[in-house]
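Peer 1: Residue 40 in the UniProt record's numbering sits at position 40 of the sequence shown, and the numbers go up by one each step.
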Amino acid sequence: MSIQKYVKFATKSFALPNVCVRLRELLDNPRSTAEDIGNLISIDTSLTAKVLRLANSSLFRFPSQIESVPKAINVIGGEALYNLVVSETASTAFTCFDSELIDLKKHWHGSVYSGMLAKHIALSAGVKVAERFFVMGILQNLSELVVAKRSPELYQEYMNSDKSQLPFEHQKQLFGFTFAHCSGIILENWNLPIGLFYPITNVNDVSRQASDREVGLLALANRIAVSQLEQENYANIELFTPEIANTVTVDMEMVGNATDYAERETVKVAALIK
């Protein structure tokens, strides 16, 4: 099945909640105020509670408590707030594509772990609005659920194969695309910002890894996640390929700090979003 058919299946099966669409419109409108944004979020009390919990979590580590959405906007900024809302939406999307072939709880944990790693790596590299990488880490393997739901037999073949290749290499060989590439196109079709979908779409493109720092950072985070989450098969994979090393100014001490951070905080943050 072509990548376009999986994208079409995903976009027909799940649409971004209206709050995501409206929030994006408000952020892109220079006439919008923090009060406008706060009023939009506050309509949904459950979303408000989750956003405030995340704003007060280890994702930001602010010294004082954030008690309201307007304060969250003033402290973390509108784009960071948008990323938190998209993160919360991700858990709903994951549930929509639930498959008996995938342990959804384990998949969610791995996705949040990847997001925590990516965010910390981006912070270490001095990237602004680093929680955007948290969202990218979560969403990059969304299409794995889509593929398992739409093509269970082919996905089962993928799972039963040997682990001599890295996951993204085997995905490319079997499906003709990587899960990250398919996820990126889905996110583009959901009209998410280019700063979210572009690095995901191109994360396994070695030429982009060598020329685009954000792609390189996300690729490094992915390799760390694979080495940590699937140690039995991939514990000793190369993290700093020549292409990644060309654009990423992160050392092994920073990698160790990011791994410690993700190990320590993933369960807590995953529980806040669900």
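Glycine residues also receive a C-beta, built at the ideal position from the N, C-alpha and C atoms.
Please read all numbers here as calculations on a predicted model, not as lab measurements.
For I76, name the three-state secondary structure that DSSP assigns.
Peer 2: I76 falls in the helix class under three-state DSSP.
Peer 1: Grab me the residues of R53's own chain with a C-beta within less than 7 Å of its C-beta, minus the 5 sequence neighbours each way, in chain order.
Peer 2: Excluding residues within five positions, the ones whose Cβ falls inside 7 Å are L272.
Peer 1: Quick check on the DSSP output: the alpha helix (DSSP H) that includes E169 runs from which residue to which?
Peer 2: Here the alpha helix (DSSP H) through E169 covers P167 to F175.
Peer 1: Identify the continuous alpha helix (DSSP H) that holds K274 and give its terminal residues.
Peer 2: Element bounds for K274: n/a, residue is neither H nor E.
Peer 1: Rounded to a whole number of angstroms, what is the C-alpha to C-alpha distance between E263 and Q209?
Peer 2: Answer to the nearest angstrom: the Cα atoms are 26 Å apart.
Peer 1: Between L145 and R213, what straight-line distance do the alpha-carbon atoms span, to the nearest angstrom?
Peer 2: So the two alpha carbons sit approximately 28 Å from each other.
Peer 1: So, helix, strand or coil for Q140, using DSSP?
Peer 2: DSSP places Q140 in coil when its eight states are reduced to three.
Peer 1: Around the Cβ of E265, are there at least 16 other Cβ atoms within 10 angstroms (buried) or fewer (exposed)?
Peer 2: E265 comes out buried.
Peer 1: Determine the closest residue to E131 out of G195, A148, W108 and Y158, with distance taken between C-alpha atoms.
Peer 2: Ranking G195, A148, W108 and Y158 by Cα distance to E131 puts G195 first.
Peer 1: Beta carbon of V7, beta carbon of N189: below 7 Å?
Peer 2: Yes, they are a contact pair.
Peer 1: Does the count of Cβ pairs from the segment 221-239 and the segment 108-119 closer than 8 Å reach three?
Peer 2: They touch, by the three-pair rule.
Peer 1: Among A118, I3 and L27, which one has its Cα closest to the Cα of L192?
Peer 2: L192 has its Cα closest to that of L27, out of A118, I3 and L27.
Peer 1: According to DSSP, is E243 part of a helix, a strand, or is it coil?
Peer 2: Helix, per DSSP.
Peer 1: Could you tell me whether the Cβ atoms of L84 and I73 are closer together than 7 Å?
Peer 2: Cβ distance not < 7 Å, so L84 and I73 don't count as in contact.
Peer 1: Roughly how many angstroms separate the alpha carbons of P63 and N56, rounded to a whole number?
Peer 2: Going by the C-alpha atoms only, they are around 9 Å apart.
Peer 1: So, at 6 Å on beta carbons, what are the nonlocal neighbours of G184 in its own chain, with the 5 sequence-adjacent residues on each side left out?
Peer 2: So the qualifying residues of the chain are F197, I200 and T201.
Peer 1: Out of curiosity, what's the CA-to-CA distance linking N141 and M159?
Peer 2: Cα to Cα, N141 sits roughly 15 Å from M159.
Peer 1: Just the C-alpha distance for C96 and H120, rounded to the nearest angstrom, thanks.
Peer 2: Roughly 28 Å separates the two Cα atoms.
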